[in-house]
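Asks: With the numbering used here applied, the sequence shown has no gaps in its numbers, which climb one by one up to 226 at the end. One structure coming up, written as structure tokens, with questions to follow.
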Amino acid sequence: MLREIGHFLRHAPATLRLKARLPQAELYATLMARSDAAGMRDRRAALAAGLRGEVLELGAGTGAMFGYYEPGAALTAVEPDPAFAAKARDAAAGAPVPVDVVEATGEALPFDAGRFDAGVVALVLCSVPEPAHVLGELHRVLRPGATLRLIEHVRSERRVAGTLMRAVNGAWLRLNGQGCNLDRDPLPAIAAAGFELTRVEPFQVFSAGLPAFPMRWIDATRR
Ligand SMILES: C[S@@+](CC[C@H](N)C(=O)[O-])C[C@H]1O[C@@H](n2cnc3c(N)ncnc32)[C@H](O)[C@@H]1O
């Protein structure tokens with residue numbers, strides 16, 4: 004835990020200066036590029052690997068995932084924030100697969116039931132107001148047997164670290180300005196929404212400007 008706190012404090016001053024200088028979408032894209040270089044790239048590639056057919060990416064942000072999809076996938080990317088969606092459209096132009104960026108929220112997906120063959124969610128359930136509601140919508144629009152893959156950060160299972168994360172969540176929410184909570188554990192909600200968890204892999208990325216959250220790479224099947 005001391006290593007994680009040290010990492011956060013070491014990079015906080017420079018990140019705050021960057022935050023004062025850049026619009027939120029620009030700041031986010033900069034921090035994501037750093038995190039990809041620090042190891043997230045492999046996790047993102049694994050998230051998209053082998054997905055075929057109609058793929059739904061929820062909360063696509065600035066399009067950080069788009070470069071990882073493989074031929075055979077046709078991507079629909081949902082993003083509610085107009086500034087993020089604009090950057091995502093730029094990223095879509097250079098993607099190796101067709102990408103349709105749709106401005107909508109996960110709580111009201113504008114798609115027919117059972118339309119998608121696969122779903123991808125990267126670092127989103129920390130930010131949505133009601134994860135259970137969004138997961139219910141995902142369940143509706145994925146066909147039975149569809150793959151759902153996620154990367155999410157979670158509250159630490161260690162008692163002291165988990166308690167500390169709960170205690171500082173309010174301050175973190177004010178700091179990140181994106182609704183990102185650090186005290187959630189989305190795994191029970193994913194299972195409760197009707198997904199079978201087939202693989203859950205812990206990992207961590209130490210990237211300048213981002214907390215070294217405990218992360219989970221999650222593979223699930225829509226029941
Ligand atoms: C931390 S960013 C992750 C972006 C991207 N998935 C990535 O991996 O870089 C969280 C994203 O979730 C989006 N988001 C927030 N609330 C949402 C909601 N209710 N439905 C769908 N997306 C939402 C935000 O606009 C933001 O783009």
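Backbone N, C-alpha and C define an ideal beta-carbon position, used for all residues, glycine too.
Kindly indicate which three-state DSSP category ALA63 falls into: helix, strand or coil?
Replies: It is coil, neither helix nor strand.
Asks: Measuring from the CB of LEU126, is there a heavy atom of ligand 1 at a distance below 6 Å?
Replies: Checking every heavy atom of ligand 1 against the Cβ of LEU126, one is found closer than 6 Å.
Asks: Once the 5 residues before and after LYS90 are set aside, which same chain residues still bring their CB inside 7 Å of it?
Replies: Cβ neighbours of LYS90 beyond the five flanking positions: ALA28, ALA32, THR65, GLY66.
Asks: DSSP state of PRO85, grouped into three classes?
Replies: Correct three-state label for PRO85: helix.
Asks: Across which residues does DSSP place LEU153 in a beta bridge pair?
Replies: DSSP, once it has assigned bridges, lists VAL124, ILE221 as partnering LEU153.
Asks: Which residue or residues does DSSP assign as beta-bridge partners of PRO147?
Replies: Note: PRO147 sits in no beta bridge, so no partner.
Asks: Apart from the five residues on each side of it in sequence, which residues of its chain come closer than 6 Å, Cβ to Cβ, to GLY1?
Replies: Outside the modelled stretch of the chain, which goes from 4 to 226, sits residue 1, for which no answer is possible.
Asks: Going by beta-carbon coordinates alone, are VAL123 and ARG152 separated by less than 7 Å?
Replies: Yes, Cβ-Cβ distance for VAL123 and ARG152 is below 7 Å.
Asks: Relative to ligand 3, is the shortest distance from any of its heavy atoms to the C-beta of VAL131 smaller than 6 Å?
Replies: This structure simply doesn't include ligand 3; it includes ligand 1 instead.
Asks: Tell me whether MET35 counts as near ligand 1, meaning its Cβ is closer than 6 Å to at least one heavy atom of that ligand.
Replies: True, at least one ligand heavy atom lies under 6 Å from that Cβ.
Asks: If we count the other Cβ atoms within 10 Å of its Cβ and call it buried at 16 or more, is LEU19 buried or exposed?
Replies: Burial call: exposed.
Asks: From the DSSP output, read off the bridge partner residues of VAL203.
Replies: Looking at the DSSP assignment, VAL203 forms a beta bridge with ILE221.
Asks: On the three-state DSSP scale, how would you describe ALA77?
Replies: DSSP places ALA77 in strand when its eight states are reduced to three.
Asks: Helix, strand or coil: how does DSSP classify GLU110 here?
Replies: Coil, per DSSP.
Asks: Expressed to the nearest angstrom, what Euclidean distance is found between the alpha-carbon atoms of MET35 and ARG169?
Replies: One C-alpha to the other measures close to 24 Å.
Asks: Within 8 Å, do at least three Cβ pairs link the region 92-102 to the region 138-149?
Replies: Contact between the region 138-149 and the region 92-102 is absent, because fewer than three Cβ pairs lie under 8 Å.
Asks: First and last residue of the beta strand (DSSP E) that includes ASP103?
Replies: Where ASP103 is concerned, the enclosing beta strand (DSSP E) stretches over 102-105.
Asks: Would a C-beta distance cut-off of 7 Å place SER159 and PRO217 closer than the cut-off?
Replies: Yes, the Cβ-Cβ distance between SER159 and PRO217 is below 7 Å.
Asks: Any heavy atom of ligand 1 closer than 6 Å to the CB of THR108?
Replies: Yes.
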